[in-house]
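See structure below.
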Amino acid sequence: MSEIPHPRRVAVIGGGPAGLMAAEAARAGGAEVHLFEAKGSVGRKFLIAGKGGLNLTHGEARPGFDARYRERADAVGRWLDVFDADALRQWARGLGVETYVGSSGRVFPLDRKAAPLLRAWVRRLKEAGVHMHVHHRWQGWDEAGALRFDTPAGASTFVADAVVLALGGGSWPQLGSDGVWVELLATRGIDIAPLAPANCGFDIGWSALLAGKFAGAPLKPVVAHWQDAAGTAHALQGECVLTATGIEGSLIYAIAADLRTTITRDGSALLQLDLAPGRDPERLHADLSKPRKGRSLGEHLRRQAGLDAAKCALVFEVLDKTTLQDMATVAATIKRLPLVLLRPRPLAETISTAGGIRLESLDDSLMLRERPGLFCAGEMLDWEAPTGGYLLTACFASGLVAGRGAAAWLARRD
Numbered sequence: 001m002s003e004i005p006h007p008r009r010v011a012v013i014g015g016g017p018a019g020l021m022a023a024e025a026a027r028a029g030g031a032e033v034h035l036f037e038a039k040g041s042v043g044r045k046f047l048i049a050g051k052g053g054l055n056l057t058h059g060e061a062r063p064g065f066d067a068r069y070r071e072r073a074d075a076v077g078r079w080l081d082v083f084d085a086d087a088l089r090q091w092a093r094g095l096g097v098e099t100y101v102g103s104s105g106r107v108f109p110l111d112r113k114a115a116p117l118l119r120a121w122v123r124r125l126k127e128a129g130v131h132m133h134v135h136h137r138w139q140g141w142d143e144a145g146a147l148r149f150d151t152p153a154g155a156s157t158f159v160a161d162a163v164v165l166a167l168g169g170g171s172w173p174q175l176g177s178d179g180v181w182v183e184l185l186a187t188r189g190i191d192i193a194p195l196a197p198a199n200c201g202f203d204i205g206w207s208a209l210l211a212g213k214f215a216g217a218p219l220k221p222v223v224a225h226w227q228d229a230a231g232t233a234h235a236l237q238g239e240c241v242l243t244a245t246g247i248e249g250s251l252i253y254a255i256a257a258d259l260r261t262t263i264t265r266d267g268s269a270l271l272q273l274d275l276a277p278g279r280d281p282e283r284l285h286a287d288l289s290k291p292r293k294g295r296s297l298g299e300h301l302r303r304q305a306g307l308d309a310a311k312c313a314l315v316f317e318v319l320d321k322t323t324l325q326d327m328a329t330v331a332a333t334i335k336r337l338p339l340v341l342l343r344p345r346p347l348a349e350t351i352s353t354a355g356g357i358r359l360e361s362l363d364d365s366l367m368l369r370e371r372p373g374l375f376c377a378g379e380m381l382d383w384e385a386p387t388g389g390y391l392l393t394a395c396f397a398s399g400l401v402a403g404r405g406a407a408a409w410l411a412r413r414d
């Protein structure tokens, strides 16, 4: 009587979207799947990211969608060939979650909530036979090649035939993405680009007056003007927020990669803001040159330039008292307010991270070429994207590619 073969075991380490999708794909491919999560529950960053409305993906058509991944557009595009934004929406529908495209092109569940989708997903994974192990913090491998974990009950090991790492980047460490894996993998010779802030705010160094009175004040609408690393000028309209140390918000996140690159190269980056978009510079100068009739300069700027208190404070921040009397200079400053960005905010504060395992180290199934059977997915890979659903989409897609790859690799070994 022949022995009935047992399914090969895949260990997925990390319970974010990439890890959960890898587990789902590997299980669908016939593997026995065990998912390990350091925290007490899976999907914590996913839930927090969806607190104000889960931006699941984006309605932008390809190849424009792919271009959002900058230097990694071709590589991430291959993941999207397998699982793109439309496939993600269809997948959510399979979990009973319908989606809609908002006015900005961003895609949300109808109820805008993350929790119902995550609950339905975890339930389906468990029903499919995925074994979930929480409070298991990965500590690398033992001398025999078994996975090592710290657990509340003490150290434990687990032997897997293939492993998918989906450990996140280095942002929001309190939710599990602490970047500790970098040292674990680097000591084994895996090529890793240093983690760097992405989708982040920047320090400027305001006066005590501006920082104390206007931290948290929105700037909307404004147009950002900046140059990329090649010196090409760009402009983008959007909204941002003043902080106690500088500036952040969706507009800043969208251009953060260029700003970070310039700071790394030059020590600082120049960002110029048009505080009165749509106003003709000549007309603005003419309006500001009208008599003030005893009004304060701030009131004059409000009446003649449409600036609110926060925008007025920015003008006062960059011009001295003498220059503020020259309306030609004031008008020019309103149209191109210069801000010198000194540094990105610390990694732990950022929405996401750049850097990670270099994609050149991986094959098309996201298996490390020098480590057969070890696959990687999600934000721990060396790519980045702006907010707006692009981050999540690539995490889902890479998880599916890695999970399928692990199951297929095991099948070829049988």
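If you read the sequence shown in UniProt numbering, its first letter stands for residue 1, the second for the next number, and so on. For each residue, glycine too, the CB sits at the ideal point set by N, CA and C.
**OP:** Report, in whole angstroms, the separation of the C-beta atoms of A166 and A18, which I expect to be a contact under 8 Å.
**Re:** Contact flag correct, Cβ pair sits at about 4 Å.
Original post:
So what does DSSP say about I252, is it helix, strand or coil?
Top reply: Helix at I252.
Original post:
For W383, which of helix, strand or coil comes out of DSSP?
Top reply: Residue state, collapsed to three classes: coil.
Subject >> Alpha-carbon spacing of G145 relative to G170, whole angstroms >> reply: Rounded to the nearest angstrom, the two C-alpha atoms are 26 Å apart.
Subject >> Pair within 7 Å by beta-carbon distance, A117 and V97 >> reply: Note that residue 117 is Leu in the sequence shown, not Ala. Yes, these two residues count as a Cβ contact at 7 Å.
Original post:
What is the DSSP secondary structure of I204, counted as helix, strand or coil?
Top reply: Here I204 carries a coil assignment [DSSP, helix/strand/coil].
Subject >> Under the three-state DSSP convention, the category G238 falls into >> reply: When DSSP states are grouped into helix, strand and coil, G238 belongs to the strand group.
**OP:** Would you identify the three-state DSSP class for Y100, choosing helix, strand or coil?
**Re:** Here Y100 sits in strand by DSSP.
Original post:
What is the residue span of the alpha helix (DSSP H) that D287 lies within?
Top reply: Residues 281 to 288.
Original post:
Anyone know if the C-beta pair for K220 and E248 falls short of 7 Å?
Top reply: No; because the gap between Cβ atoms is not below 7 Å, this pair is not in contact.
Original post:
How is A61 classed by DSSP in three states: helix, strand or coil?
Top reply: The three-state reading of DSSP puts A61 in coil, since its state is none of H, G, I, E or B.
**OP:** Can you check DSSP and say which residues form a bridge with W226?
**Re:** Per DSSP, H234.
Subject >> Inter-residue Cα distance where the pair is L319 and A309 >> reply: Pairing L319 with A309, the inter-Cα distance amounts to about 15 Å.
**OP:** State the Cα-Cα distance for the pair I255 and P386, rounded to the nearest angstrom.
**Re:** Approximately 8 Å, taken between the alpha carbons.
**OP:** Could you tell me which residues DSSP puts in a beta bridge with D150?
**Re:** DSSP lists R137, A155 as the beta-bridge partner residues of D150.
Original post:
Which two residues bound the contiguous alpha helix (DSSP H) that contains V42?
Top reply: DSSP places V42 in no alpha helix (DSSP H); its state is neither H nor E.
**OP:** Taking only the alpha-carbon atoms, compute the straight-line gap between Y390 and R68 and give it to the nearest angstrom.
**Re:** Roughly 7 Å separates the two Cα atoms.
**OP:** Could you tell me the distance, in whole angstroms, from the CA atom of D382 to the CA atom of G356?
**Re:** Their Cα atoms are separated by approximately 4 Å.
Original post:
Leaving out the 5 sequence neighbours to the left and right, which residues in its chain are closer than 7 Å to A286 when beta-carbon positions are compared?
Top reply: The beta carbon of A286 sits closer than 7 Å to no other beta carbon from its chain once the five residues preceding and following it are set aside.
**OP:** Give the single residue among R265, N55, F46 whose Cα lies nearest to the Cα of W121.
**Re:** Of all alpha-carbon atoms in R265, N55, F46, the one lying nearest the alpha-carbon of W121 is that of F46.
Subject >> Cβ neighbour criterion (16 or more within 10 Å) applied to G405 >> reply: Taking all protein chains in view, the Cβ of G405 is crowded by 16 or more other Cβ atoms within 10 Å, so the residue is classified as buried.
**OP:** Determine contact between the segment 352 to 371 and the segment 208 to 222, defined as no fewer than three beta-carbon pairs at a distance below 8 Å.
**Re:** No: the two stretches stay apart, fewer than three of their Cβ pairs being nearer than 8 Å.
Original post:
Given V241, which residues of its chain have a CB within under 6 Å of its CB, disregarding the five upstream and five downstream residues?
Top reply: Residues P218, E248, G249 of the same chain have their beta carbon placed closer than 6 Å to that of V241, with the five preceding and five following residues left out of the count.
Subject >> Buried or exposed by the 16-neighbour rule on C-beta atoms within 10 Å, applied to I48 >> reply: By the neighbour-count criterion, in which 16 or more other beta carbons inside 10 Å mark a residue as buried, I48 falls on the exposed side.
**OP:** Would you grab the beta carbon distance between L366 and V401 for me? Rounded to a whole angstrom, and I think it's under 8 Å.
**Re:** Sure, about 5 Å apart at Cβ, within 8 Å.
Subject >> Three-state class that DSSP yields for I48 in the structure shown >> reply: In the structure shown, I48 sits in a helix (DSSP, three-state: H, G or I).
Original post:
DSSP puts C312 in a beta bridge; with which residues?
Top reply: The partner list for C312 (beta bridge, DSSP) is empty, contrary to what the question assumes.
Original post:
Cα-Cα, which of A332, G154, R148 is closest to L301?
Top reply: In this structure, A332 is the residue among A332, G154, R148 with its C-alpha nearest to the C-alpha of L301.
**OP:** Pull up the distance between the alpha-carbon of R265 and that of D228, whole angstroms please.
**Re:** One C-alpha to the other measures close to 11 Å.
Original post:
So, do the segment 119 to 138 and the segment 31 to 40 have three or more beta carbon pairs nearer to each other than 8 Å?
Top reply: Segment contact: the segment 119 to 138 against the segment 31 to 40, three or more CB-CB distances shorter than 8 Å; contact assigned.
**OP:** Within its chain, find whatever has a CB closer than 7 Å to the CB of T151; leave out the 5 residues flanking it on each side and keep chain order.
**Re:** In chain order, H135, H136 place their CB closer than 7 Å to the CB of T151, counting only its own chain and leaving out the 5 sequence neighbours on each side.
Original post:
Which same chain residues, not among the five before or five after L195, have their C-beta less than 8 Å away from its C-beta?
Top reply: G169, G170, G179, V182, L347, T353, A354, G355, G356, listed in sequence order.
Original post:
Helix, strand or coil: which one does DSSP assign to L307?
Top reply: Three-state result, L307: coil.
Original post:
Cβ-heavy atom distance between G30 and the ligand PLP below 6 Å?
Top reply: Among the components of this structure there are no ligands whatsoever, and the ligand PLP is therefore not found.
Subject >> Residue nearest to residue 422 in terms of C-alpha spacing, selected from A305, A26, L341 >> reply: Residue numbering for the chain in the displayed model covers 1 to 414; residue 422 lies beyond these limits and cannot be assessed.
Original post:
What three-state label does DSSP hand V396 in the structure shown?
Top reply: It should be pointed out that residue 396 corresponds to Phe in this sequence rather than to Val. Helix.
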